[in-house]
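Novice: Input: one structure, supplied below.
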Amino acid sequence: MVFFGSSFRRQSTHNAQSSLSALLHALIERLCQRYKLAFSLAVCLCLGFPAHADHAIVSPNIALPKVSPTNTSSATVTRTINASSQVINSHTPVTKSMANKNSITDASITESTPSSDLNKISNEPSLYALLDAEFSANRDDTERALVIYKQQSFKQDATAVFERALSLSLRNDRVEESLQFAKAWQDENPDHVPAWFYVAHLALRAHDYELAGETLNRILSYDPRADLSEILIGIYPNSDDDKRELLAALQPIASEQNASLSVLKAGLLYQFNEPEIAIVHINRAVERQPDYVPFITLKADILRKIETPEAVIEYLSQARLRNADSKNLYLYEIRYLLDLKQNEQAWQLLLGAHQRFADDAEITLLAALVSLDIEKYTSADQLLNTLAKNPAYLDQSYYYLGISAERQQNFEQAKYYLNAVMQEDLVLEARRKVVALDLLNNNVDAAIATLEKLRKDFSVFAPDSFVLQADILWQQNEPAEALRLLTKAARKYPDNEMLLFARAQLLDDKEDYIVKRTLLNHLQALDPSNPAYQLSYAQLLLANERGSEQGLALATAIIQIRYDDPRYDNELHLQALNILASNALANENYQQVIDYLQTPYDVLPTLRSGTLLLRAYQGLGDNEKVDALLADLQQRFSFGQHNINDRIQLY
Numbered sequence: 000m001v002f003f004g005s006s007f008r009r010q011s012t013h014n015a016q017s018s019l020s021a022l023l024h025a026l027i028e029r030l031c032q033r034y035k036l037a038f039s040l041a042v043c044l045c046l047g048f049p050a051h052a053d054h055a056i057v058s059p060n061i062a063l064p065k066v067s068p069t070n071t072s073s074a075t076v077t078r079t080i081n082a083s084s085q086v087i088n089s090h091t092p093v094t095k096s097m098a099n100k101n102s103i104t105d106a107s108i109t110e111s112t113p114s115s116d117l118n119k120i121s122n123e124p125s126l127y128a129l130l131d132a133e134f135s136a137n138r139d140d141t142e143r144a145l146v147i148y149k150q151q152s153f154k155q156d157a158t159a160v161f162e163r164a165l166s167l168s169l170r171n172d173r174v175e176e177s178l179q180f181a182k183a184w185q186d187e188n189p190d191h192v193p194a195w196f197y198v199a200h201l202a203l204r205a206h207d208y209e210l211a212g213e214t215l216n217r218i219l220s221y222d223p224r225a226d227l228s229e230i231l232i233g234i235y236p237n238s239d240d241d242k243r244e245l246l247a248a249l250q251p252i253a254s255e256q257n258a259s260l261s262v263l264k265a266g267l268l269y270q271f272n273e274p275e276i277a278i279v280h281i282n283r284a285v286e287r288q289p290d291y292v293p294f295i296t297l298k299a300d301i302l303r304k305i306e307t308p309e310a311v312i313e314y315l316s317q318a319r320l321r322n323a324d325s326k327n328l329y330l331y332e333i334r335y336l337l338d339l340k341q342n343e344q345a346w347q348l349l350l351g352a353h354q355r356f357a358d359d360a361e362i363t364l365l366a367a368l369v370s371l372d373i374e375k376y377t378s379a380d381q382l383l384n385t386l387a388k389n390p391a392y393l394d395q396s397y398y399y400l401g402i403s404a405e406r407q408q409n410f411e412q413a414k415y416y417l418n419a420v421m422q423e424d425l426v427l428e429a430r431r432k433v434v435a436l437d438l439l440n441n442n443v444d445a446a447i448a449t450l451e452k453l454r455k456d457f458s459v460f461a462p463d464s465f466v467l468q469a470d471i472l473w474q475q476n477e478p479a480e481a482l483r484l485l486t487k488a489a490r491k492y493p494d495n496e497m498l499l500f501a502r503a504q505l506l507d508d509k510e511d512y513i514v515k516r517t518l519l520n521h522l523q524a525l526d527p528s529n530p531a532y533q534l535s536y537a538q539l540l541l542a543n544e545r546g547s548e549q550g551l552a553l554a555t556a557i558i559q560i561r562y563d564d565p566r567y568d569n570e571l572h573l574q575a576l577n578i579l580a581s582n583a584l585a586n587e588n589y590q591q592v593i594d595y596l597q598t599p600y601d602v603l604p605t606l607r608s609g610t611l612l613l614r615a616y617q618g619l620g621d622n623e624k625v626d627a628l629l630a631d632l633q634q635r636f637s638f639g640q641h642n643i644n645d646r647i648q649l650y
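Per numbering that gives the first Met the number 0, the sequence shown starts with residue 0, numbered consecutively.
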């Protein structure tokens with residue numbers, strides 16, 4: 000609209016009538032080819048012609064085109080579906096019933112029409128109404144535009160109007176309302192094949208699986224091999240109930256000749272752990288498109304549930320040989336081999352993939368990482384140095400070259416590479432490793448210098464660097480200096496939870512009870528569901544009141560977090576057990592200590608857990624257990640090994 004308006008405003012309205020008419024007809028003919036009926040009227044207005052249907056429209060070709068179901072190709076249908084499926088998440092509810100009841104009618108729109116034109120009004124879409132609707136849409140008055148377009152779409156030969164109305168509805172209405180409109184129009188035009196596709200797609204998106212099944216069945220009865228790929232885009236349900244309902248709606252539909260529907264059924268059956276039935280459907284799809292990679296990988300997923308690994312690898316190898324240029328098949332087979340712990344075979348296949356896809360950075364990086372895992376350091380270094388020539392992968396190359404050097408105990412070379420890492424998502428971990436290497440050589444000053452440089456170069460990691468530096472000071476038996484550093488840092492970053500929590504952890508449970516409780520209460524207010532804050536608060540309460548019900552409840556709640564819960568943390572779980580065991584030991588409930596800690600100690604022995612268990616067995620007088628556990632502790636920890644899980648202060 001803007002283009003036409005600005006273009007014609009530059010022309011004089013006093014030009015010869017004939018030249019203007021010629022220009023008008025040329026533009027209208029071009030617009031008609033694209034079904035832009037309303038825009039042609041806009042051109043008329045810009046030219047200053049009288050707004051009469053018989054003056055503005057002089058060619059019978061302006062009539063909206065009919066879509067014949069006999070010559071509608073799947074490609075045409077899917078292109079239209081694809082265009083209509085781009086939805087904006089804003090909702091302006093306008094239904095067909097609203098359009099019928101709305102005050103905007105043909106009569107009201109044509110009140111200003113000269114009386115000589117009133118008798119020419121037919122049941123075809125009103126050109127004035129369409130122009131009004133398009134102007135309203137351009138002015139962002141989408142509710143008015145939708146009301147008019149939907150009403151006009153139910154008239155004769157209004158296919159283009161329907162498509163425009165549906166497109167606008169998809170951008171502004173809820174999908175249920177778009178479906179209601181499309182279904183009502185399709186009922187009025189039962190032979191319009193594209194409408195079947197619209198209704199099927201919208202029904203799937205609206206989770207109306209009964210209607211979707213009926214419509215898909217109608218489409219496949221009309222054309223068993225119809226391309227349903229565009230209909231199925233973006234409709235896969237999230238919940239198990241919706242998936243079951245969709246599967247139930249699809250099961251009665253004959254899909255032997257339709258690859259898209261066969262694959263959808265196979266995927267649903269696979270998710271519901273029915274691989275024996277799923278394989279039948281996926282085989283139908285693969286038979287029709289044997290070299291289509293998504294079908295091949297889905298079949299491989301299903302085969303993994305019903306065949307031996309050797310059979311799956313054989314299938315993948317054959318498919319990969321037929322599709323030698325498919326990077327995805329290489330990667331699928333490689334990852335499957337890695338899942339099977341066949342790292343050597345995966346490595347050999349990766350080297351072959353690297354030769355075939357020499358310029359593919361993803362393949363090169365994966366080959367380097369597998370080389371590191373199987374300790375093929377020469378291969379890893381060669382691949383990583385090759386990858387370093389790619390600027391986008393330079394930092395990753397340096398990071399893993401540092402890991403490789405560290406594993407080969409070339410510590411200075413490792414520090415060189417790790418210090419060269421500048422990518423923000425890798426730099427913190429790289430500097431942590433540099434600090435660890437410095438501390439390994441008892442070079443505390445170098446470790447602290449690395450952290451000071453880190454916060455100078457990357458201010459975003461300043462809080463992390465302060466916490467790491469405080470940790471070093473605490474390990475060097477300088478808790479007061481560590482606390483001073485964190486207090487100073489907290490003033491600079493008053494809202495940083497990491498600094499506040501680290502500072503709280505350095506405070507004594509009894510001597511600094513009030514300050515520590517205040518800090519922990521503040522942290523819990525900021526993040527009420529954080530188990531680390533809750534556990535620290537539980538420890539504080541139990542340290543000052545042996546039978547604190549709140550403290551016991553908090554610690555117990557943490558050990559009850561299931562391992563599949565996103566909040567689960569193995570280290571926090573063990574700490575909570577130690578806190579509860581310590582409280583039970585203080586109350587001389589020795590058997591309770593054993594119940595808490597014996598199994599965890601058997602799985603993951605730590606010095607603190609072992610010490611608590613030893614004191615419990617001593618309390619029970621079980622000398623045999625005492626001797627056995629004491630010998631185990633001496634063997635594991637008598638040489639001064641330091642297990643990070645035994646540390647009380649955590650950062």
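Glycine included, C-beta positions come from ideal geometry on N, C-alpha and C.
Only a predicted model underlies this, so the values are computations on that prediction, with no experimental measurement involved.
(1) Put P493 into one of helix, strand or coil per three-state DSSP.
(2) Would you list, in sequence order, the uninterrupted alpha helix (DSSP H) runs of no fewer than 4 residues that lie entirely inside the region 403-467?
(3) Identify, in the order they occur along the chain, each residue of the same chain with its Cβ nearer than 7 angstroms to the Cβ of S72, setting aside the five sequence neighbours on each side.
(4) Please name the residue in K515, Q504, L553 whose C-alpha comes closest to that of P527.
(5) Note down the Cα distance separating R430 from Q617, rounded to an integer number of angstroms.
(6) From E570, I578, R614, pick the residue whose C-alpha is nearest to that of E587; which is it?
(7) Look up D526 in the DSSP assignment and say whether it is helix, strand or coil.
(8) Would you call the region 172-190 in contact with the region 146-159, where contact means no fewer than 3 C-beta pairs closer than 8 angstroms?
(9) Hey, out of E306, E309, K264, N272, whose CA is closest to Q294's CA?
(10) Could you tell me the alpha carbon to alpha carbon distance between Y492 and A461, rounded to whole angstroms?
(11) Where does D207 sit, in a helix, a strand or coil, going by DSSP?
(12) From which residue to which residue does the alpha helix (DSSP H) around G351 run?
(13) Does DSSP put N171 in a helix, in a strand, or in coil?
(14) Whether or not the region 568-586 and the region 533-547 are in contact is what I'm after, with contact meaning three or more pairs of Cβ atoms, one per stretch, closer than 8 angstroms; do they touch?
(15) Which term fits G47, buried or exposed, when burial requires 16 or more other beta carbons within 10 angstroms of its beta carbon?
(16) By a C-beta neighbour count over all protein chains shown, 10 Å radius and 16 as the cutoff for buried, is E162 buried or exposed?
(17) Just tell me which of N622, T385, N171 has its CA closest to the CA of D139.
(18) According to DSSP, simplified to helix, strand and coil, what is Y180?
(19) Please report how far the alpha carbon of Q341 lies from the alpha carbon of Y331, in whole angstroms.
(20) From what residue to what residue does the alpha helix (DSSP H) around Q708 run?
(21) Helix, strand or coil for R138? Go by DSSP, reduced to three states.
(22) In whole angstroms, give me the CA-to-CA distance for H572 and G550.
(23) Using alpha carbons as the reference points, say which of V433, T307, R561 lies closest to I402.
(24) For P189 and E423, what's the separation of their Cα atoms in angstroms?
(25) Out of K509, V146, L439, D631, which one is the CA nearest neighbour of I471?
(26) Measure from the alpha carbon of Q347 to the alpha carbon of each residue in A357, I333, L339, D338, then state which is nearest.
(27) Flag I278 as yes if its beta-carbon sits less than 9 angstroms from any beta-carbon of chain B, otherwise no.
(28) Below 9 angstroms between beta carbons: does that hold for L201 and L178?
(29) With distances taken Cα to Cα, identify the nearest neighbour of E660 among N272, S220, E273, A247.
(30) Quick one: which unbroken alpha helix (DSSP H) runs of 4-plus residues sit fully inside the region 356-409? Chain order, please.
(31) Return the residue from the list P289, L297, N529, A211 that minimises the CA-CA distance to L268.
(32) Give the C-beta separation of P308 and N257 to the nearest angstrom, bearing in mind that I take them to be a contact with Cβ-Cβ under 8 angstroms.
(33) Distance, Cα to Cα, K149 vs F180?
(34) Can you have a look at K414 and say buried or exposed, based on whether 16 or more other CB atoms are within 10 angstroms of its CB?
(35) Do Q151 and A136 have their C-beta atoms within less than 9 angstroms of each other?
(36) Judging by CA-CA distance, which residue of V426, K242, K388, A323 is the nearest neighbour of R204?
Specialist: Considering the structure as presented:
(1) coil
(2) 410-418, 423-439, 443-456
(3) Annotation note: pLDDT 38 at S72 (below 50); position unreliable, coordinate value reported separately. There are no such residues.
(4) L553
(5) Roughly 45 angstroms separates the two Cα atoms.
(6) R614
(7) Note: D526 maps to coil in three-state DSSP.
(8) yes
(9) The amino acid at residue 294 is misidentified as Gln; the sequence shows Phe. Of the listed residues, the one whose Cα sits closest to F294 is K264.
(10) 9 angstroms
(11) Looking at D207 - three-state DSSP - the assignment turns out to be coil, as it is neither helix nor strand.
(12) Unbroken alpha helix (DSSP H) run through G351: 342-355.
(13) Correct three-state label for N171: helix.
(14) Touching, per the Cβ criterion.
(15) Residue placement at G47 is poorly supported in this model, since its pLDDT is 38, which falls under 50; the coordinates still yield a value, given next. Answer is exposed; the Cβ neighbour count stays below 16.
(16) buried
(17) The shortest C-alpha separation from D139 is found at N171.
(18) Rather than Tyr, the amino acid found at residue 180 in this sequence is Phe. It is helical.
(19) 14 angstroms
(20) No answer is possible for residue 708: it lies beyond the span of the chain, which begins at 0 and ends at 650.
(21) Reduced to three states, the DSSP call for R138 is coil.
(22) 15 angstroms
(23) V433
(24) 59 angstroms
(25) L439
(26) Nearest of A357, I333, L339, D338 to Q347, Cα basis: I333.
(27) No chain B is part of this structure, which consists of one protein chain only.
(28) yes
(29) Residue 660 lies beyond the stretch modelled for the chain, which goes from 0 to 650, so this question has no answer here.
(30) 360-372, 376-386, 393-406
(31) For L268, the nearest C-alpha among the options comes from L297.
(32) Their Cβ separation, rounded to whole angstroms, is 32 angstroms, which puts P308 and N257 out of contact at 8 angstroms.
(33) 8 angstroms
(34) buried
(35) no
(36) K242
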